[in-house]
Amino acid sequence: MNNLELKGNWNEVKGKLKQKYGQLTDDDLNLAEGKEDELIGRIQKKLGKTKDEIKKEIMAI
Numbered sequence: 005m006n007n008l009e010l011k012g013n014w015n016e017v018k019g020k021l022k023q024k025y026g027q028l029t030d031d032d033l034n035l036a037e038g039k040e041d042e043l044i045g046r047i048q049k050k051l052g053k054t055k056d057e058i059k060k061e062i063m064a065i
């Protein structure tokens, strides 16, 4: 899945991440254009996972 596909499916991905990780909020998962690294950083801080682990998880959804 590339960035364009991810952006098109972001609401679905966001919902699944919130189900799996209850500590994530809508504010944590707001995806602003060009701010993907900031988003991953926020998720990293909440979950204590590496950037690569988070990217793999998002792409697997």
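For any residue, its number in the numbering used here is found by taking its place in the sequence shown, counting from 1, and adding 4. Just so it is clear, CB atoms sit at the ideal spot from N, CA and C, and this is done for glycine as well.
For this session: Under 8 Å by Cβ, that's how I've got Asp32 and Lys50 pegged, so tell me the actual separation to the nearest angstrom.
Result: 6 Å
Problem set entry | Among Leu28, Thr54, Gly12, nearest to Glu37 - alpha-carbon criterion | Gly12
Exercise. Could you check where the alpha helix (DSSP H) with Glu37 kicks off and where it finishes?
Worked result: From DSSP, Glu37 is part of no alpha helix (DSSP H); its letter is neither H nor E.
Exercise. Which same chain residues, not among the five before or five after Ile44, have their C-beta less than 8 Å away from its C-beta?
Worked result: Only Lys55, Ile58, Lys59 meet the Cβ criterion.
For this session: Could you name the residues of the same chain whose beta carbon sits closer than 8 Å to that of Gln27, not counting the 5 residues immediately before and after it, in chain order?
Result: Beyond the five residues adjoining it in sequence on each side, Gln27 comes within less than 8 Å, by CB distance, of Lys50, Leu51 in the same chain, given in chain order.
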